[in-house]
Amino acid sequence: DVSYGPNFTSRERLTLLKSAEKLTDAIGQCERIHQTAVPLNYARHSLRSLTLWLFTLPFAMVKDLGLLTGPVVGVTAWL
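Under this note's numbering, the residue at position 66 of the sequence shown is numbered 67, and the numbers go up by one with no gaps.
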């Protein structure tokens, strides 16, 4: 509970509590999404697509970056 005091009016206090409740609900929804299991086929497809993208990335960047292509792609893959 938010104690009564000279810092907030009752309307501001209610608005603050409503905002805190909305934030709590949003965090709960995010936790539910985070704990949902990812289907194996989806995970495999995502990994293969990302691998293909990372293998073709240097060919798209070499014209613009030259010798910096290797380090840039390495950092991108690490992230």
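Where a beta carbon is used, it is the ideal one built from N, C-alpha and C, also for glycine.
(request) Provide the residue span of the alpha helix (DSSP H) that contains Asn8, from first to last. (result) Counted from its first residue, the sequence shown places residue 8 at position 7. Counting along the chain, Asn8 sits inside no alpha helix (DSSP H), nor does DSSP assign it H or E at all.
(request) To the nearest angstrom, report how far apart Glu32 and Leu68 are at their CA atoms. (result) In the sequence shown, residue 32 corresponds to position 31, counting from 1. In the sequence shown, residue 68 corresponds to position 67, counting from 1. Roughly 43 Å between the two C-alpha positions.
(message) Whether or not the segment 42-58 and the segment 70-77 are in contact is what I'm after, with contact meaning three or more pairs of Cβ atoms, one per stretch, closer than 8 Å; do they touch?
(response) The answer is yes - the segment 42-58 touches the segment 70-77, with three or more Cβ pairs under 8 Å.
(request) Identify the continuous alpha helix (DSSP H) that holds Gly71 and give its terminal residues. (result) The sequence position of residue 71 within the sequence shown is 70, counting from 1. It spans Thr70 to Trp79 - the alpha helix (DSSP H) in which Gly71 sits, taken as one unbroken run.
(request) Out of Glu13, Ser47 and Leu51, point me to the one whose CA is closest to Ala78's CA. (result) Taking the first residue of the sequence shown as position 1, residue 78 is located at position 77. Ranked by Cα distance from Ala78, the options Glu13, Ser47 and Leu51 are led by Leu51.
(message) Let's see if you can read the secondary structure: which residues bound the alpha helix (DSSP H) around Val63?
(response) Against the sequence shown, residue 63 aligns to sequence position 62. Residues Leu41 to Leu66.
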